[in-house]
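Protein chains in written order, with numbering that gives the first Met the number 0: chain A, 0 to 253; chain B, 0 to 341; chain C, 0 to 287; chain D, 0 to 406.
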Amino acid sequence: MNTAGVDIGIKTTKVVLLNCDKIIARSCVLTGWKPQQAGESALTAALADARMARDDVTQIVATGAGRQAFSLAQRNVTEVTADARALALLHPQVRTVIDVGAEEARALKCTAGRMLDFAVNEKCAAGAGVFIETMARTLEVSLDEMGALSLQAVGAATLNSQCTVFAESEVVSLIHTQTPKAEIVRAVHDAIAGRVASLARRVGAEPEIALVGGIAHNIGFIDAVKRELAVDIIVPRDPEFIGALGAALIARES
Amino acid sequence: MQNKIGYLCTYVPEEIIHAAGFSPVRITPNTAPPTRADAHLQSYTCCLARSCFDQALAGKLDDLAGVVFAHTCDTLQGLADIWRASFPELFVETVVGPVALHSPHAQKYLVAELRRFVAALEEHFGVCVTDDALRASIRLYNTRRLTLADFYARRAEFSAVEWFHVMNTALATPPQEIVDRRPVIRQSPTPNSQSPISIVLIGATIDEPTLPQILDDLGARIVADDFCNGARYFDTLVAEEGDPIEAIATREVTRATCPCKHRALEYRAERLLNIVKDNRADGVIFYHKKFCDPHAWDYPPLTAALDGEEIPHLLLEVEQVAPVGQTRVRLEAFLEMISDAK
Amino acid sequence: MPQEFWRWKEYNWHAPDLVWQEARSITAGVDVGSVSTQAVVMIDGELLAYANRRTGSSSPDSARRAMDWALKDTDLAIEDIHYIIGTGYGRVNVPFAHKTTTEITCHARGANLLYGPAVRTVLDMGGQDCKAIKIDAQGRVVNFLMNDKCAAGTGRGLEVIADLLQVPIEEMGELSLQVENEPEPVSSMCVVFAKTEALGLLRKGWKKNDVLAAYSRAMARRVAALLRRIGIESEFVITGGIAKNVGIVTRLEKELGIVARKPNFDTQIAGAVGAALIAQERMMKDAK
Amino acid sequence: MSEKRYKELKTAPQLKRLQEQHYLEAKRAHPGKPIAWVTSGAPVEIVRALDILPVYPENYGALCGVRGASAGLCQVAEARGYSPDLCAYARSSVGMMNDAEHAPLGGLPRPDVLITCSNICGTVLKWYEAAARHYHAPLFIVDTPFIHADDGEPTPHAVGYVAAQLEEMVAFLETHTQRELSKEKLVETVHLASEAVSLWRDVRESCRAHPSPLNGPDLFMNMAPIVILRGTEGCVHFYRALKEEINERVAHKVSALPEEKYRLLWDNIAIWHHLYQFYSHFVEYGACFVVDTYTGGWVMKMDGGEPIESLARTYTQVFLNQGLQVRARDMADLIKRFDVDGFVMHSNRSCKPYSVGQYDIRRIVTEQTGKPGLMIEADHSDPRSYDDEAIQARIQTFMEGLASRPG
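1) D/L182 to D/V189, Cα distance in whole Å?
2) I'd like to check one pair, D/S69 with D/S380: are the Cβ atoms closer than 7 Å?
3) Can you tell me whether DSSP reads C/T238 as helix, strand or coil?
4) Verify the CB distance criterion: does C/S186 have a CB-CB separation below 7 Å to chain D?
5) Round the Cβ separation of C/N208 and C/L174 to the nearest angstrom and send it over; I've been treating them as touching at under 8 Å.
6) Excluding sequence positions up to five away, which residues of its chain have a Cβ less than 8 Å from the Cβ of B/L271?
7) Quick one: list the residues of chain C neighbouring D/Y385, beta-carbon separation under 9 Å, in chain order.
8) Any C-beta of chain C sitting closer than 7 Å to the C-beta of D/E74?
9) Look up D/H345 in the DSSP assignment and say whether it is helix, strand or coil.
10) Listed from N- to C-terminal order along the chain, which residues in the stretch 100-115 of chain B have their beta-carbon within a distance smaller than 7 Å of any beta-carbon of chain D?
11) Could you compute how far the alpha carbon of B/P174 sits from the alpha carbon of B/E112?
12) Under 6 Å Cβ to Cβ from D/M32, same chain only, skipping five residues before and after it: list those, please.
13) Are the beta-carbon atoms of A/V319 and A/A215 separated by less than 7 Å?
14) Hey, does A/E78 have any beta-carbon neighbour from chain C nearer than 7 Å?
15) So for B/V24, helix, strand or coil by DSSP?
16) Please list the residues of the stretch 105-131 of chain A that have a C-beta atom closer than 8 Å to any C-beta atom in chain D, keeping them in chain order.
17) So if DSSP puts A/S26 in a beta bridge, which residue, or which two residues, is it bridged to?
18) Comparing C-alpha positions only, which one of B/L214, B/I205, B/P293, B/D281 sits nearest to B/R25?
19) Which residue from B/P97, B/K276, B/L56, B/L120 puts its Cα closest to that of B/K260?
20) Could you please give the first and the last residue of the uninterrupted beta strand (DSSP E) stretch that includes D/C116?
21) With a threshold of 7 Å on Cβ separation, who are the neighbours of A/N217 within its own chain once the five nearest residues in sequence on each side are excluded?
22) Rounded to the nearest angstrom, how far is the Cβ of A/L86 from that of A/V202, given a contact under 8 Å?
23) Could you say which of A/V171, A/L115, A/A156, A/H175 lies nearest to A/A199 if we only look at CA atoms?
24) So is D/Q324 buried or exposed if we call it buried at 16+ other beta carbons inside 10 Å?
25) Would A/L148 pass as a contact of A/A181 if the rule is Cβ separation under 7 Å?
26) If D/S346 and B/Q41 are in contact, beta carbons under 8 Å, what's the gap, nearest whole angstrom?
27) Would you kindly work out how many angstroms separate the C-alpha atoms of A/T133 and A/I9, rounded to a whole number?
28) By DSSP, does B/H70 sit in helix, in strand, or in coil?
29) Which of the residues in the stretch 302-331 of chain B, read from start to end, lie with their CB under 8 Å from any CB of chain A?
30) Could one say the Cβ of B/G77 lies closer than 7 Å to chain D's Cβ atoms, at least one of them?
31) Applying the 10 Å Cβ sphere with the 16-neighbour rule, what's the burial state of C/V289?
32) For D/P382 and D/I270, what's the separation of their Cα atoms in angstroms?
33) Could you pull the start and end residues of the beta strand (DSSP E) that C/N142 belongs to?
34) If we ignore side chains and look at the alpha-carbon of each, how far apart do C/T86 and A/T176 end up?
35) Where do the ends of the alpha helix (DSSP H) carrying B/D339 lie?
36) Looking at the C-beta of B/I337, does it have a partner C-beta in chain C at a distance below 7 Å?
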């Protein structure tokens, strides 16, 4: 039986096609401001990749910020539930998952694919992927360079504003005071790492801890989270597809 | 045995803690963004609560035998219980002082509450707080207040940053040291304008030197302040004769009040106007912590009073560390405005 | 690099028939903001040339780039300029500036020149700061207020929405007015969650323009509160990029019940103009 | 649409009439009857016994929220320099003082005296100071020392302090309103108050039934009389009628919801500005709020004896004047007695004393009861702090979690 998970995020939309629990195709497109469209084109792309027609897929489950907007899905679940399910398959020993999306960071406590508790960032203390992206733009550094660059930092600048918008202006002043880029990038990572760490602590931060979401490709950020929580961090393969995978797995059960 | 007891608010009776054989030290926020405290405190609580508790959770305050709170604002009221829940073994007490300081019964109540606090100390640590010990402590802390007061009287000779450091170290170091060490006068930075603008600072506490540093850079002078860890701390002494507990209580109800407490409707406004006039200040800077309700509440009436006398004022809302960029723009513009008018 | 809808376009201008050789004063102002940088050159208090460029990751370079662009089509060299003042976020990093002044003082002076001495209230809204300034007939700052420590009171929200809806920031205002009926302002103004909320509205079937309208209206309310706090007096003018957003301006006027003087010049250079003017005064002072 | 889900009570018109009468009387302020602004936790029995008419700015704040007037009034206050981080009840109240014509009911009548009681928060002190300045009306502060003790018992000197202040308050009111307090009238008023309180207790307790006869919004709407009419005949009559109707619902297993699948506990003040929309998100999952900590605030311990002394005890012990451990214990107790599946905590930006500590209470309660808790960040009356998108996602996640729990 083939199932699809469609994760319509703020920034990107991801699709995972499953045959039982074997991934047969994946796709990722920019969401833009039309979630339905994004979901459809991502799904079509994945189907084309797997040389399948839509009817070959028996169940579709949507997740992500646009989950309710996607009419092709039989049902939708939240990212948190999807993450718990996916991690149970990939890394069953994981008890805490940190999911950093574009605009929202979450931490969840899970066991055997069941979500036991979760925490989401509050207003005023928010901060997630978009912040790091915007800062990359301000610093004129490509997103992929950020990780490596931050690891070269010798000193450490800090960003103190709770609100990421004002953290942006702190970065601007750091630029004006000629602080080395590497240090600024490290400060940016540390700021978000600190926020997600306190989310993880709200749900107990029980090891093992996994980091998912596109940001988990950023070695500098992973390093920052490790330093903050003083434990090792598991990063699953293709961390940005975890939500979609989880949704596809749930589709299989329904 | 650990002999330090920490406190956040200067309404905590240092003399009693000292007389019980401990050295009371003020816990001050640091500049590291909190990452542990945020698991206990919402993002809309002030940085004082979040940073101080974060240090405790990070094990940076393990040398404290206890933490004592004084009843002030809603956030610290909550923090006291959170602290106790996180450190069940630790001595965590709140001296629930009166809010209605003008009430004829406030002082009597506070005396009883202070005696309860003494008993709590004695019971938990198996110590005995004698009147003689209390009197000795009172004398010691009075001398420290006097020392700070005369440093303060000579504060024109000091740069803003030096003022900041003296005031802040004062509450973190044993009183004897302060008394011994007459602050060393270093060369203050030469003001970059002929007539340095004189400023009055007002707020809850000031815990990091960004603002004083910028004021020095811009050649402005702090001529007076109204901070919990500034002038409010030493403006009133404890009577050295009579019953020591009653004397301590009397000081608490008569000292310059914090906005968490009520003395008279216009008390703080009148006090601020007098500070400005007595020091011929050019302007007032409100140094407010984001999410500090009591001070935010007093801002409209205080600014109304200043507007009435055409005294310029500026509001700086800060978190742990004042953001250099934004703070500097606001301050520079404020000073440009004042000197244009001069 | 994907198109950055939230950024203003770059451009420059110069007065073709102004001769500077006999000028008593040639001064310049450079306004290095967090998003864009403007350079203005004036001769004897008259506009000679200006340029608007994006601020890069190095403010000295941004300042220089803007200055070069301003001088590009003139036969003037930076050495010919007698006095230069830096302003804006990066004011201390303008290598060739003789002095610095804050954008508040500069916008006040700029507004006074560009709109005339009757101006009493100036609004300038940047991505990081929103300023309400009261000025006198000489363009001196009498009082000013800036947004409290909540990003909802800054221009950042509009930039975020521009990016999400892929609308060039220059066109936002016009589009936000193209709605059948004015929607309620968005309730939550938190910039950080703006996208999530906007997506929610779109899902409810809102049109792009309605979302823009709802945001512009909420923004106008926030700004109105700041202006009310300082006590708005006519004449009221708006400087900076926000003045080019008719969607915000008209809604702000409606909210406040006061009409803003419309500019016949580029409002984004007001700060740099003020700086160039102050440079001229300083020059005269020093001459004495 | 969400309103349709709401099963109206037969007593609803009576409730409406009571409240209208209250505000009407206040507006008329017929000659000779002075008006006192009082906080929800003030010993109003004394005010009533003196035949002074109490009005409740907090209740009015809730009303502004329900009528969608808060945001506008808050902006009026913010334009006068009041920080947007301050309590939205207080901000809309300040807005009302300065712009009554845009306020519901044309604003509250101006007070002849103001009585604030610190037992619910520190905000009411500053709020009433602002009101006293605005109206040049005399202000009396009842200072009820906070109870940090784990047994929830006030210290004897605290009770003595409060009692002494209440004597003072009597004198204050007598001089400012040229009245004299009759002890008999006070005893009678206290009696009426405690009768209403015990009826309200019974109403709440009846929600232990499966299915529950009432949902959160019912409790929130029906708490109004116990707050603003405590100590009057009308209040007692209303709760007798309500109790009767609820008993009927219970007897016939009438559920507040179309179908009750989950039983939840609510912590903190209601989200007045989105009352039905917010709670209907839970109704979609068949989740009913069978009990809450908020409306329980007026199920006060009223022991008899010398009235002033007993009022001093009662008002010092109210739950918002109690420490974290006591609140956690009470919540765990409610969860057991009301057979609750999970609890929802409103992290209320407008109410720090109620909200600070919720993360720890949540942890403690879950440890003690095994029930999961959800945190919702919002505000009791400022809609600008309410983000329906984010909130729906939180609720869905929580309900998915409840659904996946074994048993």
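Just so you know, even glycine gets a beta-carbon here, dropped at the ideal spot from N, CA and C.
From the atom records:
1) By one-based count along the fourth sequence, residue 182 of chain D stands at place 183. By one-based count along the fourth sequence, residue 189 of chain D stands at place 190. Note that residue 182 of chain D is Lys in the sequence shown, not Leu. Spanning the two alpha carbons is a distance of roughly 10 Å.
2) Taking the fourth sequence and counting its residues from 1, the one referred to as residue 380 of chain D is at position 381. Taking the fourth sequence and counting its residues from 1, the one referred to as residue 69 of chain D is at position 70. Their beta carbons are under 7 Å apart, which means D/S380 touches D/S69 by this criterion.
3) In the third sequence, residue 238 of chain C corresponds to position 239, counting from 1. Strand, per DSSP.
4) Locating residue 186 of chain C in the third sequence gives position 187, where the first residue counts as 1. Chain D, which has a Cβ nearer than 7 Å to the Cβ of C/S186, makes this yes.
5) Counted from its first residue, the third sequence places residue 208 of chain C at position 209. Counted from its first residue, the third sequence places residue 174 of chain C at position 175. At roughly 5 Å, the Cβ-Cβ gap stays under 8 Å, so C/N208 and C/L174 are in contact.
6) Numbered from 1 along the second sequence, position 272 holds the residue referred to as residue 271 of chain B. Once the five neighbours on either side are set aside, the close Cβ partners of B/L271 are V199, I201, D225, V283, L301, A304, L305.
7) Taking the fourth sequence and counting its residues from 1, one reaches residue 385 of chain D at position 386. Within chain C, the residues near D/Y385 are S186, S187.
8) Here residue 74 of chain D refers to the residue found at position 75 when the fourth sequence is read from its first residue. Here residue 74 of chain D is Gln; the residue named in the question, Glu, does not match the sequence. For D/Q74, the answer is yes, since a Cβ of chain C falls inside 7 Å of its Cβ.
9) Position 346 of the fourth sequence, counted from the start, is the residue given in the question as residue 345 of chain D. Reduced to three states, the DSSP call for D/H345 is strand.
10) S102, H104, Y108, A111, E112, R115
11) Along the second sequence, read from residue 1 onward, the residue named residue 174 of chain B stands at position 175. Along the second sequence, read from residue 1 onward, the residue named residue 112 of chain B stands at position 113. About 25 Å.
12) As a working note, residue 32 of chain D is residue 33 in the fourth sequence. Note on identity: in this sequence residue 32 of chain D is Lys, with Met being the wrong assignment. Within the same chain, D/K32 has close Cβ partners L52.
13) This structure does not reach residue 319 of chain A, given that chain A is present from 0 up to 253, and the question cannot be answered.
14) Translated into positions along the first sequence, residue 78 of chain A becomes position 79. Taking Cβ atoms only, chain C never reaches closer than 7 Å to A/E78, which makes this a no.
15) For the purposes of this step, residue 24 of chain B is taken as the residue at position 25 of the second sequence. Residue state, collapsed to three classes: strand.
16) R113, M114, L115, D116, F117, A118, V119, E121, K122
17) Indexing the first sequence from 1 puts residue 26 of chain A at position 27. Beta-bridge pairing links A/S26 to A/V14.
18) The residue labelled residue 25 of chain B in the question sits at position 26 within the second sequence. When each option's Cα is compared against that of B/R25, the closest is B/I205.
19) Against the second sequence, residue 260 of chain B aligns to sequence position 261. Checked all of B/P97, B/K276, B/L56, B/L120; the closest Cα to B/K260 is B/P97.
20) Counting from one through the fourth sequence, the residue named residue 116 of chain D turns up at place 117. Taken as a continuous stretch (DSSP letters only), the beta strand (DSSP E) holding D/C116 covers 112-116.
21) On the first sequence, position 218 is the one that residue 217 of chain A refers to. M145, G146, listed in sequence order.
22) Looking up residue 86 of chain A in the first sequence gives position 87. Looking up residue 202 of chain A in the first sequence gives position 203. The Cβ separation is near 14 Å, so there is no contact.
23) The residue you call residue 199 of chain A lines up with position 200 of the first sequence. The option with the nearest alpha carbon to A/A199 is A/L115.
24) Taking the first residue of the fourth sequence as 1, we reach residue 324 of chain D at position 325. The residue is buried, with at least 16 neighbouring Cβ atoms inside 10 Å.
25) The sequence position of residue 148 of chain A within the first sequence is 149, counting from 1. The sequence position of residue 181 of chain A within the first sequence is 182, counting from 1. Yes, they are a contact pair.
26) The residue you call residue 346 of chain D lines up with position 347 of the fourth sequence. The residue you call residue 41 of chain B lines up with position 42 of the second sequence. 6 Å between Cβ atoms; contact.
27) Reading the first sequence from its first residue, position 134 is the one you call residue 133 of chain A. Reading the first sequence from its first residue, position 10 is the one you call residue 9 of chain A. The alpha-carbon atoms of A/T133 and A/I9 are separated by roughly 15 Å.
28) Numbered from 1 along the second sequence, position 71 holds the residue referred to as residue 70 of chain B. Coil, per DSSP.
29) E318, Q319, V320, P322, V323, G324, Q325
30) Here residue 77 of chain B refers to the residue found at position 78 when the second sequence is read from its first residue. It does; some Cβ of chain D falls within 7 Å.
31) Nothing about residue 289 of chain C can be read from this structure; chain C reaches only from 0 to 287.
32) As a first step, residue 382 of chain D must be located in the fourth sequence, where it is residue number 383. As a first step, residue 270 of chain D must be located in the fourth sequence, where it is residue number 271. If I take the Cα positions, the gap works out to 9 Å.
33) As a position in the third sequence, residue 142 of chain C is number 143, starting the count at 1. Start and end: 140-145.
34) Numbered from 1 along the third sequence, position 87 holds the residue referred to as residue 86 of chain C. Numbered from 1 along the first sequence, position 177 holds the residue referred to as residue 176 of chain A. C-alpha separation (whole angstroms): 15 Å.
35) As a position in the second sequence, residue 339 of chain B is number 340, starting the count at 1. From DSSP, the alpha helix (DSSP H) with B/D339 extends over 323-340.
36) Translated into positions along the second sequence, residue 337 of chain B becomes position 338. So, not an interface residue.
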